[in-house]
Amino acid sequence: CSTWGGGHFSTFDKYQYDFIGTCNYIFATVCDETNPDFNIQFRRGLDKKIVRIIIELGPSVVIVEKGSISVRSVGVIKLPYTSNGIQIAPYGRNIRLVAKLMELELVVMWNNDDYLMVLTEKKYMGKTCGMCGNYDGYELNEFVSEGKLLDTYKFAALQKMDDPSEICLSEEIPISTIPHKTYAMICSQLLNLVSPTCSVPKDGFVVRCQLDMQDCSEPGQNNCTCSTLSEYSRQCAMSHQMVFNWRTENFCSVGKCSANQIYEECGSPCIKTCSNPEYSCSSHCTYGCFCPEGTVLDDISKNRTCVHIKQCPCTLNGNIYAPGETMNAACRTCKCTMGQWNCKDLPCPGRCSLEGGSFVTTFDSRSYRFHGVCTYVLMKSSSLPHNGTLMAVYEKSGYSHSETSLSAVIYLSTKASISSTCSDKIVISQNEFLTDDDELKRLPYRSGDITIFRQSSIYIQMYTTFGLELLVQTSPVFQAYVKVGSQFKGKTLGLCGNYNGDTTDDFMTSMDITEGTASLFVDSWRAGNCHPALERDTDPCALSQLNKISAETHCSILTKKGTVFEKCHAVVNPIPFYKRCVYQACNYEETFPYICSALGSYARTCSSMGLILENWRNSMDNCTISCTGNQTFSYNTQACDRTCLSLSNPALECHPTDIPIEGCHCPKGTYLNHKNECVRKFLCPCYLEDRKYILPDQSIVTGGITCYCVNGRLSCTGKPQNPAESCRAPKKYVSCSDSLENKYGAACSPTCQMLATGIECIPTKCESGCVCADGLYENLDSRCVPAEECPCEYGGLAYGKGEQIQTECEICTCTKGKWKCVQKSKCSSTCNLYGEGHITTFDGQRFVFDGNCEYILAMDGCSVNRPVSSFKIVTENVICGKSGVTCSRSISIYLGNLTFILRDETFTISGENPGVQYNVKKNALHLMFDIVIPGKYNMTLIWNKHMNFFIKISRETQETMCGLCGNYNGNMKDDFETRSKYVASNELEFVNSWKEDPLCGDVYFVVDPCSKNPYRKAWAEKTCSIINSQVFSACHNKVNRMPYYEACVRDSCGCDIGGDCECMCDAIAVYALACLDKGICIDWRTPEFCPVYCEYYNSHKTTGSGEVYSYGYNNNNCTWHYRPCNCPNQNYKYVNIEGCYNCSHDEYFDYEKESCMPCVTTVQPKVTRSSNTSTIPTVPSISSSASTIETTNPTI
1 CSTWGGGHFS
11 TFDKYQYDFI
21 GTCNYIFATV
31 CDETNPDFNI
41 QFRRGLDKKI
51 VRIIIELGPS
61 VVIVEKGSIS
71 VRSVGVIKLP
81 YTSNGIQIAP
91 YGRNIRLVAK
101 LMELELVVMW
111 NNDDYLMVLT
121 EKKYMGKTCG
131 MCGNYDGYEL
141 NEFVSEGKLL
151 DTYKFAALQK
161 MDDPSEICLS
171 EEIPISTIPH
181 KTYAMICSQL
191 LNLVSPTCSV
201 PKDGFVVRCQ
211 LDMQDCSEPG
221 QNNCTCSTLS
231 EYSRQCAMSH
241 QMVFNWRTEN
251 FCSVGKCSAN
261 QIYEECGSPC
271 IKTCSNPEYS
281 CSSHCTYGCF
291 CPEGTVLDDI
301 SKNRTCVHIK
311 QCPCTLNGNI
321 YAPGETMNAA
331 CRTCKCTMGQ
341 WNCKDLPCPG
351 RCSLEGGSFV
361 TTFDSRSYRF
371 HGVCTYVLMK
381 SSSLPHNGTL
391 MAVYEKSGYS
401 HSETSLSAVI
411 YLSTKASISS
421 TCSDKIVISQ
431 NEFLTDDDEL
441 KRLPYRSGDI
451 TIFRQSSIYI
461 QMYTTFGLEL
471 LVQTSPVFQA
481 YVKVGSQFKG
491 KTLGLCGNYN
501 GDTTDDFMTS
511 MDITEGTASL
521 FVDSWRAGNC
531 HPALERDTDP
541 CALSQLNKIS
551 AETHCSILTK
561 KGTVFEKCHA
571 VVNPIPFYKR
581 CVYQACNYEE
591 TFPYICSALG
601 SYARTCSSMG
611 LILENWRNSM
621 DNCTISCTGN
631 QTFSYNTQAC
641 DRTCLSLSNP
651 ALECHPTDIP
661 IEGCHCPKGT
671 YLNHKNECVR
681 KFLCPCYLED
691 RKYILPDQSI
701 VTGGITCYCV
711 NGRLSCTGKP
721 QNPAESCRAP
731 KKYVSCSDSL
741 ENKYGAACSP
751 TCQMLATGIE
761 CIPTKCESGC
771 VCADGLYENL
781 DSRCVPAEEC
791 PCEYGGLAYG
801 KGEQIQTECE
811 ICTCTKGKWK
821 CVQKSKCSST
831 CNLYGEGHIT
841 TFDGQRFVFD
851 GNCEYILAMD
861 GCSVNRPVSS
871 FKIVTENVIC
881 GKSGVTCSRS
891 ISIYLGNLTF
901 ILRDETFTIS
911 GENPGVQYNV
921 KKNALHLMFD
931 IVIPGKYNMT
941 LIWNKHMNFF
951 IKISRETQET
961 MCGLCGNYNG
971 NMKDDFETRS
981 KYVASNELEF
991 VNSWKEDPLC
1001 GDVYFVVDPC
1011 SKNPYRKAWA
1021 EKTCSIINSQ
1031 VFSACHNKVN
1041 RMPYYEACVR
1051 DSCGCDIGGD
1061 CECMCDAIAV
1071 YALACLDKGI
1081 CIDWRTPEFC
1091 PVYCEYYNSH
1101 KTTGSGEVYS
1111 YGYNNNNCTW
1121 HYRPCNCPNQ
1131 NYKYVNIEGC
1141 YNCSHDEYFD
1151 YEKESCMPCV
1161 TTVQPKVTRS
1171 SNTSTIPTVP
1181 SISSSASTIE
1191 TTNPTI
């Protein structure tokens, strides 16, 4: 519906009339509603131009007056503007407002002169009021009121809406609407100039044109008709009809275009820009200034000129780079070409870090935490000489079971001499340095190709000639950093992962299979007979509100603006470090050392990117380090040229680190001597061969009992409590008090798990206990078995010799306690978009965003030469909570000319593409789309008809992908690859680059809905805790539950405009589906908790088109039931999802045969870790009372 010129109107039903009045009139609204979805009002001035427009959309009010636009509670705005589901942006020469809210879609367009237009959805047919008429499909009844046909001005008087302080007299002057015959001919000719072939009826416009001619200040002039010709041009363009460039410089001109843009009457409003040169949208054309064909608008350097795509600049961290410029970052070099970064990876060392007591980051950048007390294999590799192995010793550091921290690092190797093999053992711990005979050594120490020296007051470095470097930070928290050369790529195993560039398989156990959780993975690398590592179930901060507030306050220095850390935000995302800092501060009794350690980890990561954060320690109380004597503190220090020893023997201490380290050192020109004093060069002693030193913490043996000197007291391990402990044969009891041939007793009893790691046991002290006889190994059930009968473990279950399991990509067989895995021919990966903006990428990276726009989830054709993409999946996210959280309202899937749109719980398919095969499976809870692009992809898309959407892809080529789902190369590290091919440091920069429409607003922060509403938070945590409860216990070992629990809490807090339980249930269903993907079927819904009403289909039948149900009860046929999955523990040929099914519990519905078929059984192992009973989850069998199975309408 539109109005133009001096007072012409065209209603929703395309009836045209004329009316002039200067009051405020309702243009269009929804009738008889107390709170209409929209209400648009306008007022014309005495010169007949529109002087004010008011657009009310629920709580938002936009006022356009005197060329400026203001939004209620925001004030005057600049274009383009995006907020709360409303986008206002230039559209050619007009301005367009698009409102996309959960329930409403509306477009309003105006030109700050005489034109106003509203486009509304079909669902408002017959419900509108105002000057735009009743929208009932009949054009001649617009002015009917209470059965009478009114005059135009009487009808208009009904639409009048006075401002609060005015009484506007509506002019009851019927204006002449009889057109002058003389102008009919010329008006026809002028309309033909605009578009001779347009299908919009010309008659009404000829009449309006004649009226313009006769009401004009100079009647008969062609320029009098511009407003009507423009409207005709607009209506033709909106009907996708051909429009010509009919304007000339002195006929209806709209002024000159800026820069090198050209005027077009019918140009695409979807402006192709440097930031999105492929932008296309299904909008009709409009008139205005556009870039010439073959060029794009440079929206990066802000001079808004049109350039060829080759001249597009690139951006990085807010800086602009000219085309052809190169940029060197750690491990890669990038060149700006066509607005995108073309990056080459450089050879780079692998880094693994053990930080903050319980956090580990692998060589392939996977971070995890665990709480175990044991010695673990940190890294073993065939590339290390003499069977070298690096170990990490974790000990308890407080009262609670989760207070465990790294206490020592051990390097072990065996040296074969002519007579015998002797093992070399080096132990570095917080306050000592030992070698294999438990003898304290003074630093520096050298043995063969290994040198150990103190790099600064808080760092000890182990340098080797074979590509391994170990840096140990001794205070405030004991931490270790391992660095290996690129020759180790793909050749490491242990807690540091396998260094193959693929994050997803970092949890490779000693039994050669990838585990799902950190604690099971860590347990497989135990180098001794210790208890399994524990997961911390509860958030340590939940126990005390005071600790939580203190932790968040102190740690927030990492994320706040204006702090010393801010300059690094663009390079390193601080959020993971902030979360780690809060966890550590709450988990450990000694709060500050752990807070400082987390800040230090961030500072170190910044240093590795070339940014040294000077003085960060001064910004936090208790983080400063005081130096002894006349030493000074430095953020970039080394031993070389700062110690007396480095002068006399540079080979011992001159090994620089590539990442700057901090600590106390001597002022320049002075050197550290043997008494830890800084002295001038001439006072330095010259060092000779290593002298033995005797220090506290040495062990002495008195009366057969070993005593250690700890904290100034002798701590002695006495006699065992009960020497006559009963050991079942073939185990025998070993006591430490006897003189043993093996001085460590039962600490090194042979276990199957140790056999799998394939290394010697590393005991720390003697333990008494039961030991298996020679040649036998202890299995999970504590029985002694020969090596070939050792079981394999996976997901907390034990599998016997020869048993097979199938994971998504591999078939694995158990042989001699290890898995032998064979890759399947096809392997798939899933990307999830669920709830309020949660995404898990194909490579497993997780993030949350509150975008309010259309974003590309996944597409192919992303390589630098820009091949044609064969598919593109776009999500449209809108505001769905008061705190500003957003969720997906519709999903569009583009496959060439074939388009699927999923919206409002249903879907539409348009166009066709013979090269794509697809079929759609419907279910009460989900829609599933199987799409095959031959030779390229097999896709299964699952949509739960609300906000959850899963893309499961298996591909036949190694074609790269891009979008919010990441690049699907197996490596989580580079998943935040922006549209310009650069890896962003945080998810916001990454998300903003994948907007479809460059005019959408950027997202600058992620809302935390729980912090705004503590009452909802308590409810959310309580209801979401089902994920952590016994109900899901069978899945806890297979799928890490914490991210799903956190997502559930966030969504339940944020969903505050209705449907909160639905949001919560959807979030839990995502975890249940992740479990089902791993073969664990969980029946978690109950009649009280997230019920599903499947009985409905027993008593209702489809009528007509198949979408409408009517009540038709059929007593004998109650076949419909809810099932959490099909065929539990059995082979099922489709992707398994929960839903309403009408086959009996041991059958499934075959879509090809269109009938119920029996499930195919496979055997599952029955041994578990926790007890002797089986915990393989099974679905409660639902007995079907049906005697016949109806196959006509199998799934809804």
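Note that UniProt numbering has the sequence shown beginning at 1, numbered continuously upward. Note that beta-carbon positions come from the ideal geometry of N, C-alpha and C, so glycine has one too. Just so you know, these numbers come straight off a predicted model, no measurement behind them.
- The three-state secondary structure of ASP345, taken from DSSP, is strand.
- The DSSP assignment places complete beta strand (DSSP E) segments of no fewer than 3 residues inside the stretch 918-958 at 927-933, 937-943, 949-955, in order along the chain.
- In the DSSP assignment, LEU297 falls within the unbroken beta strand (DSSP E) covering 295-297.
- In this structure, ASN944 sits away from ALA570, with a CB-CB distance that is not shorter than 7 Å.
- For the pair ALA259 and THR305, the CB atoms are nearer than the 7 Å cut-off.
- The residues SER275, THR978, ARG979, SER980, ALA984, in chain order, have a CB closer than 8 Å to that of SER993 in the same chain once the five nearest residues on each side in sequence are set aside.
- ASN587 has its alpha-carbon roughly 5 Å from the corresponding atom of PRO540.
- Apart from sequence neighbours up to five positions away, the residues of its chain that approach SER646 with a beta-carbon distance below 7 Å are ALA639, CYS640, GLU653, CYS654, ordered along the chain.
- Take ALA1047, set aside five residues on each side of it, and the residues of its chain with a beta-carbon closer than 8 Å to its own are TYR834, GLY835, HIS838, VAL848, ALA1067, VAL1070, in chain order.
- Under the three-state reduction of DSSP output, ALA773 falls in the coil class, being neither helix nor strand.
- Judged by pairs of C-beta atoms under 8 Å, the stretch 219-238 does not touch the stretch 27-35, as fewer than three such pairs exist.
- For ASP512 against LYS818, the beta-carbon gap comes to about 5 Å, under 8 Å, which counts as contact.
- Note that the C-beta distance between GLY133 and PHE12 is below 7 Å.
- MET242 sits exposed, since fewer than 16 C-beta atoms from the chains shown fall within 10 Å of its C-beta.
- Contact between CYS1053 and TYR1097 is absent: CB atoms are separated by about 34 Å, not below the 8 Å threshold.
- The straight-line gap separating the alpha-carbon atoms of PRO277 and VAL296 is approximately 7 Å.
- Here the C-alpha atom of ILE53 lies approximately 6 Å from the C-alpha atom of ILE63.
- Boundaries of the beta strand (DSSP E) harbouring LYS820: 818-823, taken from the DSSP string.
- A straight line joining the alpha-carbon of TYR1148 with that of ASN1129 spans about 13 Å.
- By the CB criterion at 7 Å, ALA1074 and VAL1039 fall inside the cutoff.
- Per DSSP, the beta-bridge partners of GLY288 are GLU264.
- When Cβ pairs closer than 8 Å are counted between the two stretches, the stretch 388-404 is seen not to touch the stretch 549-558, the count staying below three.
- Excluding five sequence positions before and after SER954, the CB atoms of its chain that fall closer than 7 Å to its own CB belong to LYS826, CYS827, SER828, ASN938, given in chain order.
- Taking a 10 Å sphere around the C-beta of VAL477, we find 16 or more other C-beta atoms and assign the residue as buried.
- The three-state secondary structure of ILE575, taken from DSSP, is helix.
- Per DSSP, LEU470 lies in no alpha helix (DSSP H) segment; the continuous beta strand (DSSP E) that holds it begins and ends at 468-473.
- Between CYS678 and CYS666, the C-beta gap is smaller than 7 Å, which places the two residues in contact.
- Along the length of the stretch 312-392, whole beta strand (DSSP E) runs at least 3 residues long occupy 314-316, 319-321, 326-329, 332-337, 340-345, 350-355, 359-361, 367-369, 374-381, reported in chain order.
- Around the beta carbon of PRO867, fewer than 16 other beta carbons sit within 10 angstroms, so the residue counts as exposed.
- In the displayed model, LYS272 falls within coil according to three-state DSSP, outside both helix and strand.
- By the Cβ-count criterion, MET185 is exposed, with fewer than 16 other Cβ atoms from all chains shown falling within 10 Å of its own Cβ.
- Per DSSP, reduced to three states, the secondary structure at TRP616 is helical.
- A direct Cα-Cα distance of roughly 6 Å separates ILE426 from LEU412.
- For THR228, the enclosing alpha helix (DSSP H) starts and ends at 226-238.
- Secondary structure within the stretch 986-1027: the alpha helix (DSSP H) runs of 4 or more consecutive residues, fully enclosed, are 987-993, 1009-1012, 1014-1024 (chain order).
- Fewer than three pairs of CB atoms, one per stretch, sit closer than 8 Å, so the stretch 1013-1027 makes no contact with the stretch 803-813.
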